[in-house]
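In what follows, a single structure is set out as structure tokens and then discussed.
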Amino acid sequence: MAARLYLVPIRGTGTKADPFAPKYFTDGSLTSVTAWSGMDYGSERWMLVVSDLSSTDDSFVVAQPDGFGLPTDLTQPLNAAQVTAVHAKLEAINLPAQWLTTSLTWQSMLRIVLGIFSFMQRFSALNGNTSLFPTGISLNTTINQLSASVRQNLSLAAQDLGLSTASITGTTTLRAALKDLGTQLQDQPYHLNGYSI
Numbered sequence: 064m065a066a067r068l069y070l071v072p073i074r075g076t077g078t079k080a081d082p083f084a085p086k087y088f089t090d091g092s093l094t095s096v097t098a099w100s101g102m103d104y105g106s107e108r109w110m111l112v113v114s115d116l117s118s119t120d121d122s123f124v125v126a127q128p129d130g131f132g133l134p135t136d137l138t139q140p141l142n143a144a145q146v147t148a149v150h151a152k153l154e155a156i157n158l159p160a161q162w163l164t165t166s167l168t169w170q171s172m173l174r175i176v177l178g179i180f181s182f183m184q185r186f187s188a189l190n191g192n193t194s195l196f197p198t199g200i201s202l203n204t205t206i207n208q209l210s211a212s213v214r215q216n217l218s219l220a221a222q223d224l225g226l227s228t229a230s231i232t233g234t235t236t237l238r239a240a241l242k243d244l245g246t247q248l249q250d251q252p253y254h255l256n257g258y259s260i
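In terms of this note's numbering, the numbers along the sequence shown are unbroken and rise by one, the last being 260.
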């Protein structure tokens, strides 16, 4: 097969003895993995991974309830069924997806998603590698419902990445804020193991 992108959970505790790694790709579930590269969603325990798997291993990953495979041709627009499937997957991992439409190509959609990933990586580093979504916090939570320290770390992460927060107020939901910040990073190229998005 050709290299393909997958969205899978992260396994491991993050220690030297048990580093973070994509589920299935490093636990012996797959036999054809020779190399992989990934980008994590900060502290949210999910990773976008690129790898060139055998047909058998590819089918295994996409058949898992927590595995998701993207098409190999990212230049095509999403169809209605794909919008529904991607929306459900992203929302389930606390990644806003109400903005998805059939007018977007997979690549343009991914650039915004990876922009959100980039922002969340910076935020997680500033926030002590703790989740933005502990119990009681959701995508519909507004900024003014967050603790002062989390609000400060969100602001600092945006500043560090040169992002504007002019449209984000106390009543802005996390859903809207993350989409706004990710969109600002959509023109940044992303390279995973020689795979460009």
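For each residue, glycine too, the CB sits at the ideal point set by N, CA and C. Predicted model, so just to flag it, every value in this text is computed and none were measured.
As for any beta strand (DSSP E) of minimum length 3 sitting wholly inside the segment 84-145, the runs are 99-103, 109-114, ordered along the chain. By the 16-neighbour rule on beta-carbons within 10 angstroms, residue 225 is exposed.
With contacts defined by Cβ atoms closer than 7 Å, residue 109 and residue 179 do not form a contacting pair.
With contact defined as three or more Cβ pairs closer than 8 Å, the segment 66-76 and the segment 138-147 are not in contact.
DSSP, reduced to helix, strand and coil, places residue 206 within a helical segment of the structure shown. With three or more CB-CB distances shorter than 8 Å, the segment 183-200 counts as touching the segment 105-122. As DSSP reads the structure, residue 72 sits in a beta bridge with 109. Secondary structure in the segment 153-214: the alpha helix (DSSP H) runs of 4 residues or longer, each lying completely within the stretch, are 169-189 in chain order.
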